[in-house]
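Sequential numbering from 9 applies to the sequence shown in the working numbering.
Every residue, glycine too, gets a C-beta built ideally from N, C-alpha and C.
Reviewing the structure listed below.
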Amino acid sequence: MTAAADIVPDSERRGFIGALPPRLRHFASLMRLDRPIGTWLLYWPCAWSVALARVDGRWDLFLWLLLGAFAMRSAGCVYNDIVDRDLDRSVERTRLRPLASRRVSLRSAWILIGLLCAIGLVVLLRLQWSAALVAVASLAPVAAYPFMKRITWWPQAWLGLVFSWGALVGWPAVTGNLALPPLLLWFGSIAWVVGYDTLYAIQDIEDDELAGVKSSARRLGNSAPLGIGICYAAALLLWSASVWTVRSDWLALLALAPAALHLANQALQADPKDGDLALRLFRSNRTCGLLVFLAMLVVGLSAR
């Protein structure tokens, strides 16, 4: 019989992780280096906010915030696996994660989090103090997130609050203060995250039911596509309001049309019984984030 320590997911034998020295592969897997979609989804609200704030010469912020998104998303994945290591053993899709399969020690995982947070600190030092304070304030809700699936049917809403936090950081990183546009951007992003993470949760409906884990996909059941569509519609309305506060011009709202079409296509295709399709639609939100970014950049740079 194969020992748990010898079991390695396919993703650790091929691709980028497979090219790393064997001793590093488990840590790369903990950080989800083979799944950069999470970094992009955490980054886009940051970039939207900087773009809508007219950039004001701080083009370097796009790179600094991308580095910060990578470091903090990676740290968040490690922390989530620490909290969920026992639960992960009961879910087919997650039972081979490094901590769940005991291929990485708890002490090593905490050290890795410390190193990633050090990278995050470097990024914080490149921000205006007001933006840095807003960023630090996100640590409490981030720490609480892994426990939400045990408390509420809507852990996706808490994830939305956390994954959208960059919308509150980008604007003050440029302007030095918070304002209504980034707040509307943040609320819109929360709705977007609830929609796309409901898609992601469709994959795990059966395993989550067996493990007693709550999710919006389980709660909505066959109505999940409708729920996703409502979330996406709310996101577009709030993003439109954010754009309007910067440039009150109906033509400016047309910049969001490509993203609106993309999200409508997702909602129309969603099927609560097709986990593979749900995963593909979830991943396509990387493109949606880019479309919204281009819209915010056009609006921000053209605003008076």
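Whole angstroms are fine: how far does the CA of residue j sit from the CA of residue i?
| i | j | result |
| --- | --- | --- |
| P190 | G168 | 15 Å |
| T102 | F78 | 21 Å |
| W194 | R43 | 24 Å |
| H47 | F24 | The sequence given here has Thr at residue 47, not His. Each residue's Cα considered, the two are about 16 Å apart. |
| R226 | I210 | 8 Å |
| L207 | I45 | 14 Å |
| A278 | A286 | 6 Å |
| F35 | A117 | 8 Å |
| A11 | C85 | Legend: pLDDT at A11 = 44, less than 50; position of this residue unreliable, no value from coordinates given. |
| N230 | R255 | 39 Å |
| L28 | L41 | 11 Å |
| C296 | G283 | 20 Å |
Indicate whether residue i and residue j have their beta-carbon atoms separated by less than 9 Å.
| i | j | result |
| --- | --- | --- |
| V251 | A263 | yes |
| A55 | F290 | no |
| A275 | Y240 | yes |
| V201 | A260 | no |
| G235 | S223 | no |
| A303 | L246 | no |
| S146 | W166 | no |
| V144 | M80 | no |
| A249 | L192 | yes |
| N88 | P154 | yes |
| L298 | F171 | no |
Relative to the C-alpha of residue i, which residue among the options is closest?
| i | options | result |
| --- | --- | --- |
| V99 | I213, A36, A199 | I213 |
| L124 | L75, A181, L276 | L75 |
| W161 | L228, I45, A265 | L228 |
| L176 | T206, S256, L141, L104 | L141 |
| S138 | L207, F70, N185 | N185 |
| D96 | R134, K157, L271, A143 | K157 |
| R294 | H270, A151, D282 | H270 |
| W179 | G26, G283, L69 | L69 |
| P163 | L28, Y204, R40, V182 | Y204 |
| A272 | L299, S37, G237 | G237 |
| A311 | R134, P30, A59, R31 | A59 |
| V93 | L38, R134, R62, F171 | Looking at the sequence shown, residue 93 is not Val but Arg. It is L38. |
| R115 | V131, I90, L50, A27 | I90 |
| I127 | L104, L73, P154 | L73 |
| W67 | T253, V182, L104, D284 | V182 |
| G308 | A61, G65, L50 | A61 |
Tell me which residue opens and which closes the alpha helix (DSSP H) that residue i is part of.
| i | result |
| --- | --- |
| M80 | 68-91 |
| N185 | N185 -> no alpha helix (DSSP H), and no H or E assigned at all. |
| M156 | 147-156 |
| R226 | 224-228 |
| G65 | Looking at the DSSP string, G65 is not in any alpha helix (DSSP H), and its letter there is neither H nor E. |
| V300 | 293-310 |
| S109 | No alpha helix (DSSP H) contains S109, which DSSP labels as neither H nor E. |
| T102 | T102 -> no alpha helix (DSSP H), and no H or E assigned at all. |
| A249 | 232-254 |
| S37 | 30-38 |
Contact defined as beta carbons within less than 8 Å: I believe residue i pairs with residue j. What is the distance between those atoms, to the nearest angstrom?
| i | j | result |
| --- | --- | --- |
| P106 | S197 | That pair is no contact at about 30 Å. |
| A83 | I121 | 5 Å |
| P233 | P266 | Wrong, their Cβ atoms sit about 21 Å apart, outside the cutoff. |
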